[in-house]
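Asks:
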Amino acid sequence: MIDRPAWAEVNLSAVTRNVRYLKSLMSPGARLCAVVKADGYGHGAAGVSRAALAGGADRLAVAFAEEGIELRRQGITAPILVLGYTGPEGARRAVGWGLDVTVLSADNARLVSEAAVSLGRKARVHLKVDTGMSRLGIRPEEAPGAARAIAALPGLELEGVFSHFAASDAADPEFAREQLALYRSVLGRIEEAGLRIPLRHMANSGGLLFLPESRLDMARPGISVYGLRASSERESLAGLEPAMALRARVVQTRTVPAGTTVSYGRTFRASRTTRLAVLPLGYADGVFRSLSNRGSVGFPSGRAPIAGRICMDQCMADVTDLPEVREGDVAVFFGPGGPSAGEVADLLGTIDYEITCAVNKRVPRIYTEEETES
Ligand SMILES: Cc1ncc(COP(=O)(O)O)c(C=O)c1O
């Protein structure tokens, strides 16, 4: 950290406030399940989980069992739902560590039941129904029969039936409404079969923010917990603050004459006497190489364009127009004080999610918390 001054600063108080805001949108008694998979969308799952729970999250969700186990090892005791596929070994580990498991069929649930019986434990499962994402989940017409079969398996509690939106953040909510209607009709048929499902959930960030009728018993927001946009089609940041800033100190400056080329491939040629700042972050850290000659970094006095190709561990910014920038000053690659993650995502033709998830593990996370939140 001292030798390589580059870090991702994560404001845990912002996460707590974001969750408090998201929870305030839910009806009294309804739950909030903060999605902290992929190491908390790159922010650091354990820290973010604690901050989310402090803001009123009731539960957490991860992609696969090992992610949940890591949180248990960090001392987190809140309910954790594994959202992705769980196979035989994963089922044993998930049940052993007290994780709730998503099941995709009665056969899949049987694995969890066998693990629960052999470990002498009760496992909570949530049946996932595919209502239009065409990813994981049981077909709607098969769901009522499977739900009955699952509810009869030993060692299991069928606590939830859920689905996932494909386009809850789209400008046109039509498809999301159709998915929700299909999900509701599946629930109706399950309930007609005499089963009571305590947790009905569908809403991701887009659903929670833009389709209030999808909030139901629980919402599963991810990206909004981190204060980022679910998509560029709907501005969703009212009430939310970005939690991460990627920063590095200027490690060297130099002034070069017009005509000098910068970095690999010599794609930047100085058109005037140019002052360059060398920054110790590169594409191996999650600064996308396709930002070469396109992106910019923020300094307190303004923006400096990235000059030349981004290298694996370093890049250069043109600070000619920011004469106050000195060695040791902090540049912001994204986050407060620089371009937003959304601005970088739009430039790259991607989504906010990928910007924070791309920040490599070798970049230290520095957590900040404001006094009033602790
Ligand atoms: C099943 C499921 N639920 C909820 C989420 C959270 O979605 P978002 O980050 O868009 O809020 C995800 C994320 O991909 C997911 O896969």
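So the sequence shown is numbered by my numbering: it starts at 11 and just counts up by one. From the three backbone atoms N, C-alpha and C, an ideal C-beta is built for every residue, glycine too.
In this structure, what does DSSP give as the bridge partners for Q262?
Replies: Position 252 of the sequence shown, counted from the start, is the residue given in the question as residue 262. For Q262, which the question treats as bridged, DSSP gives the partners V288.
Asks: What did DSSP end up calling K138 once you bin it into helix, strand or coil?
Replies: Here residue 138 refers to the residue found at position 128 of the sequence shown. Reduced to three states, the DSSP call for K138 is strand.
Asks: Kindly indicate which three-state DSSP category Y95 falls into: helix, strand or coil?
Replies: Along the sequence shown, one-based indexing puts residue 95 at 85. Note: Y95 maps to coil in three-state DSSP.
Asks: Use the C-beta contact count for K371: other C-beta atoms within 10 angstroms, 16 or more gives buried, fewer gives exposed.
Replies: As a working note, residue 371 is residue 361 in the sequence shown. The residue is exposed, with fewer than 16 neighbouring Cβ atoms inside 10 Å.
Asks: Just mark D295 as buried or exposed, buried being the case when its beta carbon has 16 or more other beta carbons within 10 Å.
Replies: Numbered from 1 along the sequence shown, position 285 holds the residue referred to as residue 295. Counting Cβ neighbours within 10 Å, D295 comes out buried, since at least 16 surround it.
Asks: What's the gap between the Cα of F343 and the Cα of R282?
Replies: Taking the sequence shown and counting its residues from 1, the one referred to as residue 343 is at position 333. Taking the sequence shown and counting its residues from 1, the one referred to as residue 282 is at position 272. Their backbone Cα atoms lie some 25 Å apart in a straight line.
Asks: Hey, is G237 close to ligand 1, as in C-beta under 7 Å from one of its heavy atoms?
Replies: Position 227 of the sequence shown, counted from the start, is the residue given in the question as residue 237. No, the Cβ of G237 stays beyond 7 Å of every heavy atom of ligand 1.
Asks: Measure the alpha-carbon distance for P310 versus S302 and round it to whole angstroms.
Replies: For the purposes of this step, residue 310 is taken as the residue at position 300 of the sequence shown. For the purposes of this step, residue 302 is taken as the residue at position 292 of the sequence shown. If you take the alpha carbons of P310 and S302, they lie about 22 Å apart.
Asks: Measuring only the C-alpha atoms, how far is V261 from S123?
Replies: As a position in the sequence shown, residue 261 is number 251, starting the count at 1. As a position in the sequence shown, residue 123 is number 113, starting the count at 1. In a straight line, the C-alpha of V261 is about 57 Å away from that of S123.
Asks: What distance in whole Å lies between the Cβ atoms of T141 and Y193, which are believed to be in contact at a cut-off of 8 Å?
Replies: Here residue 193 refers to the residue found at position 183 of the sequence shown. Here residue 141 refers to the residue found at position 131 of the sequence shown. Right, their Cβ atoms sit about 5 Å apart.
Asks: If the criterion is Cβ atoms closer than 8 Å, does the pair R69 and W107 meet it?
Replies: Taking the first residue of the sequence shown as 1, we reach residue 69 at position 59. Taking the first residue of the sequence shown as 1, we reach residue 107 at position 97. Against a cut-off of 8 Å, the Cβ pair of W107 and R69 comes out as no contact.
Asks: What are the start and end residues of each continuous alpha helix (DSSP H) run of 4 or more residues lying completely inside the segment 24-70, in chain order?
Replies: Runs of the alpha helix (DSSP H) inside the segment 24-70: 47-51, 55-64.
Asks: Measuring CB atoms only, is the segment 245-260 touching the segment 204-212, in the sense that at least three cross pairs come out at less than 8 Å?
Replies: Flag = no, the segment 245-260 and the segment 204-212 do not touch.
Asks: Please say whether S178 and L32 have beta carbons closer to each other than 8 Å?
Replies: For the purposes of this step, residue 32 is taken as the residue at position 22 of the sequence shown. For the purposes of this step, residue 178 is taken as the residue at position 168 of the sequence shown. No.
Asks: Leaving aside the five residues before and after R30 along the sequence, list all residues of the same chain whose C-beta is less than 6 Å from its C-beta, in chain order.
Replies: Taking the first residue of the sequence shown as 1, we reach residue 30 at position 20. Only G65, G66 meet the Cβ criterion.
Asks: Rounded C-beta distance between L291 and A16? I'm assuming under 8 Å.
Replies: In the sequence shown, residue 291 corresponds to position 281, counting from 1. In the sequence shown, residue 16 corresponds to position 6, counting from 1. Yes, L291 and A16 are in contact; Cβ-Cβ is about 5 Å, under 8 Å.
Asks: Determine which residues share a DSSP beta bridge with P315 and list them.
Replies: Indexing the sequence shown from 1 puts residue 315 at position 305. Its beta-bridge partners are S306.
Asks: With DSSP as the reference, identify every bridge partner of E167, one or two as the case may be.
Replies: The residue you call residue 167 lines up with position 157 of the sequence shown. Per DSSP, R134.
Asks: Return helix, strand or coil for T330, following the three-state DSSP convention.
Replies: Here the question's residue 330 lines up with position 320 in the sequence shown. Coil.
Asks: CA-CA distance, I220 and A62?
Replies: Here the question's residue 220 lines up with position 210 in the sequence shown. Here the question's residue 62 lines up with position 52 in the sequence shown. The identity of residue 220 in the sequence shown is Phe, whereas the question assumes Ile. When rounded, the distance between both Cα atoms is 21 Å.
Asks: By Cβ distance below 6 Å, which residues in the same chain neighbour A213 in space, the five residues on each side in sequence not counted?
Replies: On the sequence shown, position 203 is the one that residue 213 refers to. Contacts found: S224, R225, A229.
Asks: Check each candidate in R299, L332, I320 and name the one with the smallest Cα separation from A314.
Replies: Start at 1 with the first residue of the sequence shown, and residue 314 comes out as number 304. Closest option to A314, Cα to Cα, is L332.
Asks: Let me check understanding here. Comparing Cα to Cα, which of F298, I376, I200 lies closest to E151?
Replies: Locating residue 151 in the sequence shown gives position 141, counting from the first residue. Here the closest residue by C-alpha is I200.
Asks: In whole angstroms, what separates the C-alpha of V266 from that of Y293?
Replies: By 1-based counting over the sequence shown, the position of residue 266 is 256. By 1-based counting over the sequence shown, the position of residue 293 is 283. Spanning the two alpha carbons is a distance of roughly 24 Å.
Asks: Could you give the DSSP three-state label for E383: helix, strand or coil?
Replies: Locating residue 383 in the sequence shown gives position 373, where the first residue counts as 1. The predicted model places E383 with a pLDDT of 45, which falls under 50 and marks its position as unreliable; any figure quoted below should be read in that light. If DSSP states are grouped into helix, strand and coil, E383 belongs with the helices.
Asks: Buried or exposed for D110, please, with buried defined as at least 16 other CB atoms from any protein chain shown within 10 angstroms of its CB.
Replies: Residue numbering aside, residue 110 sits at position 100 when the sequence shown is read from its first letter. Buried: at least 16 other Cβ atoms inside 10 Å.
Asks: Taking the alpha carbon of A176 as the reference point, which residue from M143, S273, G198 has its own alpha carbon closest?
Replies: Numbered from 1 along the sequence shown, position 166 holds the residue referred to as residue 176. It is M143 whose Cα lies nearest to the Cα of A176.
Asks: How is A191 classed by DSSP in three states: helix, strand or coil?
Replies: As a working note, residue 191 is residue 181 in the sequence shown. The answer is helix: DSSP assigns A191 an H, G or I state.
Asks: Hey, is H174 close to ligand 1, as in C-beta under 7 Å from one of its heavy atoms?
Replies: Taking the sequence shown and counting its residues from 1, the one referred to as residue 174 is at position 164. Checking every heavy atom of ligand 1 against the Cβ of H174, one is found closer than 7 Å.
Asks: So if DSSP puts A153 in a beta bridge, which residue, or which two residues, is it bridged to?
Replies: Residue mapping note: residue 153 aligns to position 143 of the sequence shown, counting from 1. DSSP output for A153 lists no bridge partner at all.
Asks: So does A104 have its beta carbon nearer than 7 Å to some heavy atom of ligand 1?
Replies: Here the question's residue 104 lines up with position 94 in the sequence shown. Not so, every heavy atom of ligand 1 lies at least 7 Å from the Cβ.
Asks: Count the other CB atoms, across all protein chains shown, that sit within 10 Å of the CB of E76; report buried if there are 16 or more and exposed otherwise.
Replies: Stepping through the sequence shown from its first residue, residue 76 is reached at position 66. Exposed, since its Cβ has fewer than 16 Cβ neighbours within 10 Å.
Asks: For ligand 1, is there any heavy atom lying closer than 7 Å to the beta carbon of G232?
Replies: Position 222 of the sequence shown, counted from the start, is the residue given in the question as residue 232. Indeed, a heavy atom of ligand 1 lies less than 7 Å from the Cβ.
Asks: DSSP puts I376 in a beta bridge; with which residues?
Replies: Here residue 376 refers to the residue found at position 366 when the sequence shown is read from its first residue. I376 pairs with E19.
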